[in-house]
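Asker: Pasting in a structure now, in structure tokens, and then I'll have a few things to ask.
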Amino acid sequence: MRLSILAFVAAASAGLALVAGGRPALAQQPSGGEDLLGELVIEAGQKTRPLPKIGIMPSLSSNIEDVTLRSVMRRDLELCGEFDVLPESAAPEGLYLSDTPVDVAAWASKGAEAVVKVSGRRISRAEIELVASVYLKNGKAGAPPAFERKLKVPDAVVREGSHRAADLVIGALTGTNGGFASRMTFVLGKGTSRRVFTIDADGHDATAVSPAGITALSPVFGPGGELFYAAGTRGEPYGVYSVKRGRIPLSGRGAVYGLAFAPDGSKVALSVGAGANVQVLAGPDFDHLSPAASIPMALHPEFSPRGDLVFAGEGRYGQRIYLNGRPISPEGVFASSPVMCDHPTGVKALFSIVSGPSTHIVATGERGGPFARLTSGPGTNSDPACSPDGRLVAFFSTRTTGEGPGLYVMRLTGGRPKRISPLVGDSLRWGPLSRMTGLAQIGER
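Here you go:
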């Protein structure tokens, strides 16, 4: 029966259901075969309001810290989807040295509403100073920047410090800091060859973090940013592992197929095998868990920002999304991989749904209701994950058009998805980095 449950876990992640004998098939549809997706989903607009144009001041500096800060800043401002970042070729003519003043009027003539100036320099053997400034087009010539931050960071983590500087610039321009000082985790591989990976929020540095000899499922960031995942080998049932501590002892529990932590770390949930079923357990820690819902085949647990338990479970037709045991996705639409996004306009529930031969990401309210489709076109779009600031969603896509298959990010309110990596995995999660050791803000405006 362990193999049958594993088959169900894999099938559910792929947007499939199980028929007799463990053979995957498309989820059943209600009698009549009506297209519920067409009736229930509103297409999220791919054409959004015009974005404010911003410029990033070029530099002739070849210092690696300066080059890194500038490239990370540009990439993050482009990926956040809040701005139309002017290409470097659009910069006004001039000699761009470290002390060159910002010609706001010249940039405004190019359509820029604001100009971002950054610089990085070594201030000691082990420390780097990163400076980010924002100038607005209505500022007076020679006036100080409307916003400025100076960060002192260890030289080994200049990229992380650059992401933090970009988050502050996004906050200065939008009112809410960005979420790029973060990382994603996912599983890559098939069958028994499945490993946990981490990757930066901009697609940099994909790294395997679980051993090659175990089969991994469902990675998740826990308290303090510690990375946990479910995994097993041929000789032992699936259990909980920590990248730092190895296998976590769980007395008297069945095989574990999924886990989640509340945002404040006060709760943990596990999807645990119970005979032919999978039940969801929850509690304050691994040693104090109790059944949290009676829904059969409860997979992919997740917590909302308020601490409510969300999971995918069995419905009359296929699979539905449940919040505290109450369905928030409609009957007859096969749904999987729920995640709750703490968007500035309110909490949104995102999940994957099967639509004919394709799978799409949809968004609805925290308690359900009408939902909007975020992705379009043929292919599988699955495993949504939300940025720490709640404004972006990342997902895997098998699309063959545009930039092709890979890991994408897009605004939760719609817009063009942007590929950050060609890798296609599953069980995607996105979490903030813990506070960086040695980080200091040494100036602000």
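According to this note's numbering, the sequence shown is numbered sequentially starting from 826.
Yeah, the Cβ is synthetic: ideal placement off N, Cα and C, and Gly gets one too.
Compute the Euclidean distance between the alpha carbons of A1123 and R947, then round it to the nearest angstrom.
Answerer: Approximately 52 Å between the Cα atoms of the pair.
Asker: Please classify N1206: is it buried, with 16 or more other beta-carbons within 10 angstroms of its beta-carbon, or exposed?
Answerer: Looking at its Cβ environment, which holds 16 or more other Cβ atoms inside 10 Å, N1206 is buried.
Asker: Which residue wins for smallest C-alpha separation from G1077, given the options T1058, K1173, A1099, D924?
Answerer: Looking at the Cα atoms, A1099 is the closest of the given residues.
Asker: Quick check on S838: does DSSP put it in helix, strand or coil?
Answerer: In this predicted model, S838 has a pLDDT of only 49, less than 50, meaning its place in the structure is not dependable; the value taken from the coordinates is given anyway. Note: S838 maps to helix in three-state DSSP.
Asker: Counting Cβ pairs, one atom from each stretch, are 3 or more of them under 8 Å apart for the segment 1021–1041 and the segment 998–1011?
Answerer: The segment 1021–1041 vs the segment 998–1011: in contact.
Asker: Among G1229, F1053, G967, which residue has its Cα nearest to the Cα of G1256?
Answerer: Answer by Cα proximity: F1053.
Asker: Consult DSSP for P1074 and reduce its assignment to one of helix, strand or coil.
Answerer: Three-state result, P1074: coil.
Asker: Among R950, V927, G945, whose alpha-carbon lies nearest the alpha-carbon of A939?
Answerer: Closest by alpha carbon: V927.
Asker: Apart from the five residues on each side of it in sequence, which residues of its chain come closer than 8 Å, Cβ to Cβ, to F908?
Answerer: The residues are L876, P877, K878, I879, L902, L998.
Asker: Can you tell me the Cβ-Cβ gap for G970 and V959, rounded? I've got them flagged as a contact below 8 Å.
Answerer: Per the sequence shown, the amino acid found at residue 970 is Pro instead of Gly. With a Cβ gap of about 6 Å, P970 and V959 count as contacting.
Asker: Quick one: Cα of R1222 to Cα of A966, how far?
Answerer: A small fix is needed here, since residue 1222 is Ser in this sequence, not Arg. So the two alpha carbons sit approximately 47 Å from each other.
Asker: Looking at the structure shown, is G858 part of a helix, part of a strand, or coil, going by DSSP?
Answerer: Low per-residue confidence applies at G858: pLDDT is 32, beneath 50, and the placement is therefore not dependable, though the value from the model is reported in the following sentence. The answer is coil: DSSP assigns G858 none of H, G, I, E or B.
Asker: For S1144, which of R874, S1161, W932 has the nearest alpha-carbon?
Answerer: According to the sequence displayed, residue 1144 carries Gln and not Ser. When only C-alpha atoms are compared, the closest one is S1161.
Asker: According to DSSP, is G1194 part of a helix, a strand, or is it coil?
Answerer: G1194 falls in the strand class under three-state DSSP.
Asker: Quick one: what's G1098 bridged to in DSSP?
Answerer: V1103.
Asker: Consult DSSP for M1235 and reduce its assignment to one of helix, strand or coil.
Answerer: Correct three-state label for M1235: strand.
Asker: Please tell me whether I1245 and L904 are closer than 8 Å, where the distance is taken between their beta carbons.
Answerer: Yes, the Cβ-Cβ distance between I1245 and L904 is below 8 Å.
Asker: Taking Cβ to Cβ, would you say T1001 is nearer than 8 Å to D1208?
Answerer: No, Cβ-Cβ distance for T1001 and D1208 is not below 8 Å.
Asker: Using the C-alpha atoms, what's the distance from R1141 back to H1029?
Answerer: If I take the Cα positions, the gap works out to 42 Å.
Asker: How long is the line joining the alpha carbons of L961 and L911, rounded to whole angstroms?
Answerer: Approximately 15 Å between the Cα atoms of the pair.
Asker: Kindly indicate the opening and closing residues of the beta strand (DSSP E) around M1122.
Answerer: Element bounds for M1122: n/a, residue is neither H nor E.
Asker: Out of R1198, F1128, V1103, state which residue places its alpha-carbon closest to the alpha-carbon of P1109.
Answerer: Checking every option, the nearest Cα to that of P1109 belongs to F1128.
Asker: Between the segment 981–992 and the segment 1226–1246, are three or more C-beta pairs nearer than 8 Å?
Answerer: No, because fewer than three Cβ pairs between the segment 981–992 and the segment 1226–1246 fall closer than 8 Å, the two stretches do not touch.
Asker: Look up A850 in the DSSP assignment and say whether it is helix, strand or coil.
Answerer: In this prediction, A850 has a pLDDT of 35, which is less than 50 and means its spatial position is unreliable; what the coordinates show is noted afterwards. Strand.
Asker: In three-state DSSP terms, what is P1048?
Answerer: Of the three classes helix, strand and coil, the one that applies to P1048 here is helix, per DSSP.
Asker: Tell me where the alpha helix (DSSP H) around G996 begins and ends.
Answerer: G996 -> alpha helix (DSSP H) spans 983–999.
Asker: So, using beta-carbon positions, are L894 and G945 closer together than 8 Å?
Answerer: Cβ atoms of L894 and G945: closer than 8 Å.
Asker: Could you pull the start and end residues of the beta strand (DSSP E) that I1153 belongs to?
Answerer: Note, I1153: premise wrong, no beta strand (DSSP E); not H, not E.
Asker: In its own chain, which residues sit with a C-beta less than 6 Å from the C-beta of V1068, not counting the 5 before and 5 after it?
Answerer: Excluding sequence neighbours, V1068 sits near V1034, L1052.
Asker: Taking A1085 as the reference, which of R1072, D1133, N1102, G996 has the closest Cα?
Answerer: If we check each option's Cα against that of A1085, D1133 comes out closest.
Asker: Is DSSP giving I1178 helix, strand or coil here?
Answerer: I1178: strand per DSSP, three-state reduction.
Asker: Sort P1036, V1172, P1242, P1074 by Cα distance to T1058 and report the nearest one.
Answerer: Answer by Cα proximity: P1036.
Asker: Does the beta-carbon of I1073 have 16 or more other beta-carbons within 10 angstroms, so that it is buried, or is it exposed?
Answerer: Under this definition I1073 is an exposed residue.
Asker: Leaving out five residues before and five after T1200 in sequence, what residues of the same chain have Cβ atoms less than 6 Å from its Cβ?
Answerer: These residues qualify, in order along the chain: H1185, I1186, N1206.
Asker: Does DSSP put E952 in a helix, a strand or coil?
Answerer: Correct three-state label for E952: strand.
Asker: Looking at G1083 and S1091, is the spacing between their C-beta atoms short of 8 Å?
Answerer: No, the Cβ-Cβ distance between S1091 and G1083 is not below 8 Å.
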